[in-house]
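Chemist: This is the structure I have questions about; it appears just below.
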Amino acid sequence: MTDSETIARRPRAGTGWPLDALRIELTERVAGEVRFDSGSRATYSTDASNYRAVPIGVVVPRTPEDAATAIGICSSHDVPVVSRGGGTSLAGQSCNTAVVIDWSKYCTRVVSVDREAGTVVIEPGIALDRLNSELAETGLMVGPKPSTHVSCTLGGMIGNNSCGSTAQAYGKTVDAVRRLEILTYDGFRAWVGPGDTVVTDDPRAGDLVARLRAIAADYAAEIRAKYPRIPRRVSGYNLDSLLPEYGVDLAGLLVGSESTLVTVLRAEIALVPRPPATALTVLGFDDIYRAADAVPMILAHRPAALEGLDHRLIQLEHTRHLAEPALRQLPDGSAYLMVQFDADNRAEADRRACAMAEELGRRAGADSTMLDDPQREAELWAAREAGLGATAYPPRGAETHEGWEDAAVPPERLGEYLRDFDRLLDRFGYESSSLYGHFGHGCVHTRIPFDLRTAAGIANYRAFAEDSARLVVSYGGSLSGEHGDGQSRGELLPIMFGERLVEAFRQVKSVFDPRNRMNPGKVVDPHRLDQDLRQGSAYRPWEPATHFAFPDDDHRFSVAAARCVGVGKCRGDSGGVMCPSYRATREEEHSTRGRARVLFEMLNGEVITDGWRSTEVRDALDLCLACKGCRSDCPVDVDMATYKAEFLAHHYRWRPRPMAHYSMGWIPLWARLATSAAPVANALTHTRGLRRLVARAGGLDPRRELPRFASARFTETFAGPATAAGTRPTVLLWPDTFTNNFEPDIARAAVQVLDAAGFRVELPPRTVCCGLTWISTGQLATAERVLARTLRILEPQLRAGTPIVVLEPSCAAVFRADLPELLDGDEDAHRLAAQTHTLAEMLTRHAPEWAPPTVGAATMVQPHCHQHAVLGYDRDRALLRDTGAQVDVLDAGCCGLAGNFGFERGHYDVSVACAEDALLPALGGRAPGTEVLADGFSCRTQIRQLAPDARPRHLAELLAAALADPRPR
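Quick note: the sequence shown uses our numbering, first residue 1, plus one each step.
Structural data, given as structure tokens:
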């Protein structure tokens, strides 16, 4: 019996392997984290591909040596392993029924930097953006930059031979790798690099090198004949790295092997100088084919990047309001090429860009625009990099999938290929959501509306993939231009390379992994491309009744939970709001993506079997701050705050809840009662011994100081409008719980400002509430009743179209987003959403000629997460600039308090860690005299407790103070 036959007869991992013994030994001997629970296995069940494979277990090593120990134990138990970095693979290569080694939490160290040699030695779990940030002071960086640079790890880039837009100038990852420290499944460990020398004490090195030399000699003719000489050949093993004319390089052979041959423990990477100056020019063409035809002309000018994108991608970006200012600067056309030039100075970069644009205008009729604002350039690059997410869910069409998103052809033949590819799409009844990609290297990205849920649809997908492979090969191209083969293209490799070279791949595999335990079923002897699909013809998720309507997801929670496409933007270290708990813990389960995977598995019912009662799902959601950052920052608008609220509503139905749900969730009621007896309430919550008792009884962390109640509510002291009639319509000022009961001076300031702008202010006739705290704690039935009552009270204003000014951003966000989805179909709910305004929106939209008072001072702003996600900050920014303030709107992420989250027992450390990530350093570095603005009650509370000298204020207070003191500043 052959090895492959023996392997085929063994049980699939997770069903017949002796897991208890494996788990016990791993736990005893590995210093890192060992997880065989269903929640962890669900979290790692897929990547960014169409495939799903529930792992045996997960090991999170603390050091490379720790990982080596884990692999040795798995080898002794004959259990497969797969290394995983950012988990963003699109071909299925980072999910498998194996033990997953997750490098991304701890193995993120820079071992050494050699500035003179221009190299860095790293551990494989470090993310690209993080590494480049650490290298910033050296003036050096890693050359290749995939679009997932915020989350992709260097180990993953090595596994996939990643490229990105900068590969035009710096090549693929294989061109940047100098040496690799490797470990085979059978324990062979060595440093390999240029040449065929192997640095190790292991006596097996000589045999390994000899066998590889023999393979190279036996297949040299086929390698020379079959390997396309194009910039983006990523498919197959790099057998060309074994040929003398390409410089024999064992490290180069292993780059792009997708964890199927070895485990990379450390790597030495060549660095490149950061370009001193860049110039970005955008060319407009009538269609994407003419844009592709122009590529050879542009290449003659030696650009540093040359990216293509068609009108459909731009339309989708417009639909999602991504990079609107930059997109408005695009030249005339229906397809575009982004051309970047790097130079030693800006004048030279501009000169080269202008020369190129002039020639393309003359010879190809291209319109052009040069972007000279770094912010606009960054926005346009962000729009291009968001292509995968922006095209996943077209607003008028079926969801799209990867599966043929990565082919590459000779750049000079790209136009011809795209025309033939479009005809192929038509023949199979598909319409691509967009065509875009690295046109300077002939690499095309797209997502296609494959039907992966019916047998006929899957058969059509298979036939299309096979014909697409033949088309690419007929052009002398590669099945993959940067995403790798994995499972989606592994089965098609014989079409590209022929059976003889595929046999060479098997022989290389047998040199390093004779037992086929390294990521089996990928590249060599792969599972079928239509096997192990996350959906598939048997896909039938549970469809529970829900409180939220999920209108953008076919009104089905299962569709919402499956929305994540896995690109991992939520795993970034900086920028935006998403995902604060991941940044604090670096735990996949605490990323938006990880939580989405667990919810998907809950509805799938195979790994997580107890539905709404699941403790695994509860635990995964526990550290979600409900900041809603993912609603805006996620490329596909995953809204984990809403999913969490929905889950909690069902998980605790007819069961006791955590005490914090009663104390913080019902704060509108308790605040109303406490304000009536403020001295007593404040004594109870601020006297040391009593404070601890109150905290314990309420499920709160005793380290967290509770806010002080006001001596009188704003609604009790409001005397009515200052003038008999304003020059503008009446506005209703919303007396939210936090402003009304804790900081009524903010509401008084807002009245002064609105009165000065000519508005007549009125209040609701009775106590009202937006239901926010009940929503965030998942008490949705109560929230629905509260909101229904609010709509009844506001009925006259809603029918009259009265603008409603809401000072607390989280309450405004409820009206704009949560309310219409909770009370779907209620016209008054939609009226309230449309009539809700922030103070800045009211002043800039409805009093555009009103001149705000002069502030003049430097102003540092911490926007509330819900405002960032739902409302936006553009109006506030414009208003502040009109006051003469020097505005610094922080990109510091969530403050960490997030309503009830930071008060609850068990959350304090994560809450503080979120603030320490960027907000507190920014506050600590502000110039003397800088005003600190934070409209969110949570943000102000967190800042006061952790940076008491900052003294944050609401926008209304800043404007009212300037009105009261109109002296020039």
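Note that CB positions come from ideal geometry on N, CA and C, so glycine has one too.
Taking 8 Å as the cut-off, does the stretch 158 to 174 touch the stretch 573 to 592 (at least 3 CB pairs, one atom from each stretch)?
Modeler: Too few Cβ pairs lie closer than 8 Å, so no.
Chemist: From 167, 132, 131, pick the residue whose C-alpha is nearest to that of residue 146; which is it?
Modeler: Of 167, 132, 131, the residue nearest in Cα terms is 167.
Chemist: Is residue 262 closer than 8 Å to residue 250 when the C-beta atoms are compared?
Modeler: No, they are not a contact pair.
Chemist: Verify whether the separation of the beta carbon atoms of residue 432 and residue 454 is less than 8 Å.
Modeler: Cβ atoms of residue 432 and residue 454: not closer than 8 Å.
Chemist: How about residue 271 and residue 173: are their beta carbons less than 8 Å apart?
Modeler: Cβ distance not < 8 Å, so residue 271 and residue 173 don't count as in contact.
Chemist: Taking the alpha-carbon positions, what's the residue 960 to residue 778 distance?
Modeler: Cα to Cα, the separation comes out at about 37 Å.
Chemist: Name, in chain order, the residues that DSSP records as bridge partners for residue 368.
Modeler: Note: residue 368 sits in a beta bridge opposite 283.
Chemist: When the Cα of residue 645 is compared with those of 123, 557, 709, which residue comes out closest?
Modeler: When each option's Cα is compared against that of residue 645, the closest is 557.
Chemist: Exposed or buried, what is residue 12 when buried is set at 16 or more other beta-carbons lying within 10 Å of its beta-carbon?
Modeler: Because the pLDDT of residue 12 is 40, which lies under 50, any placement of that residue in the model is unreliable, and the question is left without a value.
Chemist: What are the uninterrupted segments assigned as alpha helix (DSSP H) that are 4 or more residues long and contained completely in the stretch 799 to 857, given in chain order?
Modeler: Counting only runs of 4 or more, we get 809 to 813, 819 to 822, 827 to 835, 839 to 846.
Chemist: Roughly how many angstroms separate the alpha carbons of residue 678 and residue 709, rounded to a whole number?
Modeler: Each residue's Cα considered, the two are about 6 Å apart.
Chemist: Could you name the residues of the same chain whose beta carbon sits closer than 6 Å to that of residue 106, not counting the 5 residues immediately before and after it, in chain order?
Modeler: If we look at residue 106 and ignore the five residues flanking it on each side, its Cβ neighbours are 62.
Chemist: Could you tell me whether the stretch 742 to 750 touches the stretch 781 to 790, where touching means 3 or more Cβ pairs closer than 8 Å?
Modeler: Contact fails: fewer than three Cβ-Cβ distances are below 8 Å.
Chemist: Taking the C-alpha atoms as reference points, what is the distance between residue 22 and residue 49?
Modeler: In a straight line, the C-alpha of residue 22 is about 28 Å away from that of residue 49.
Chemist: Select from 305, 822, 633, 541 the residue whose C-alpha is nearest the C-alpha of residue 603.
Modeler: Out of 305, 822, 633, 541, 541 has the C-alpha closest to the C-alpha of residue 603.
Chemist: Compare the Cα-Cα distances from residue 958 to each of 751, 865, 891, 194 and report the closest residue.
Modeler: For the residues 751, 865, 891, 194, the minimum Cα distance to residue 958 belongs to 751.
Chemist: Kindly identify the DSSP beta-bridge partner or partners of residue 51.
Modeler: Answer by DSSP bridge pairing, in chain order: 533.
Chemist: Count the CB pairs spanning the stretch 617 to 624 and the stretch 590 to 601 that are closer than 8 Å, and state whether there are at least three.
Modeler: Output reads yes: the stretch 590 to 601 touches the stretch 617 to 624.
Chemist: Taking the alpha-carbon positions, what's the residue 70 to residue 30 distance?
Modeler: Residue 70 and residue 30: Cα-Cα distance of roughly 6 Å.
Chemist: Do the stretch 876 to 892 and the stretch 913 to 930 touch if we need at least three Cβ pairs shorter than 8 Å?
Modeler: The stretch 876 to 892, when compared against the stretch 913 to 930, does touch it at the 8 Å Cβ threshold.
Chemist: Could you give the DSSP three-state label for residue 191: helix, strand or coil?
Modeler: Reduced to three states, the DSSP call for residue 191 is strand.
Chemist: Would residue 46 pass as an interface residue toward chain B - the criterion being a Cβ-Cβ separation below 8 Å?
Modeler: Among the protein chains of the structure shown there is no chain B, as only one such chain exists.
Chemist: In terms of residues, what are the limits of the beta strand (DSSP E) holding residue 445?
Modeler: Here the beta strand (DSSP E) through residue 445 covers 443 to 445.
Chemist: Below 6 Å CB to CB, which residues in the same chain sit around residue 706 once its five sequence neighbours on both sides are set aside?
Modeler: Taken in chain order, the residues that qualify are 685.
Chemist: How many angstroms separate the CA atom of residue 828 from the CA atom of residue 717?
Modeler: Distance between the alpha carbons of residue 828 and residue 717 is about 29 Å.
Chemist: Does residue 984 pass the burial test, meaning 16 or more other C-beta atoms within 10 Å, or should it be called exposed?
Modeler: A question about residue 984 goes unanswered here, because the residues of the chain that appear run from 1 up to 969.
Chemist: Helix, strand or coil for residue 93? Go by DSSP, reduced to three states.
Modeler: Three-state DSSP puts residue 93 in coil, outside helix and strand.
Chemist: Whole angstroms is fine: what's the gap from residue 19's alpha carbon to residue 626's?
Modeler: Taking the straight line from one Cα to the other gives about 36 Å.
Chemist: Using three-state DSSP, classify residue 963 as helix, strand or coil.
Modeler: Reduced to three states, the DSSP call for residue 963 is helix.
Chemist: Nearest to residue 932 by CA position, among 950, 178, 941, is which residue?
Modeler: Residue 950 is the option with its Cα nearest to residue 932.
Chemist: Once you ignore the five residues that flank residue 729 on each side, which residues in its own chain have a CB closer than 8 Å to its CB?
Modeler: Counting only Cβ-Cβ distances below 8 Å, and skipping sequence neighbours, we find 759, 760, 802, 803, 846.
Chemist: Just to confirm my understanding: we take residue 5, look at its own chain, exclude 5 residues before and 5 after, and list those with CB closer than 7 Å. What are they?
Modeler: Since pLDDT at residue 5 reaches only 35, below the 50 mark, its modelled position is unreliable, and the value read off the structure follows with that caveat. There are no such residues.
Chemist: At the level of alpha carbons, what is the spacing between residue 764 and residue 641?
Modeler: So the alpha carbons of these two residues sit roughly 29 Å apart.
Chemist: So for residue 549, helix, strand or coil by DSSP?
Modeler: Coil, per DSSP.
Chemist: Please determine, among 280, 387, 293, 459, the residue with the shortest C-alpha to C-alpha distance to residue 376.
Modeler: Checking every option, the nearest Cα to that of residue 376 belongs to 280.
Chemist: Output needed for residue 649: all residues of its chain with C-beta closer than 6 Å, excluding positions within five of it in sequence on either side, in chain order.
Modeler: Answer for residue 649: 547, 778, 780, listed in chain order.
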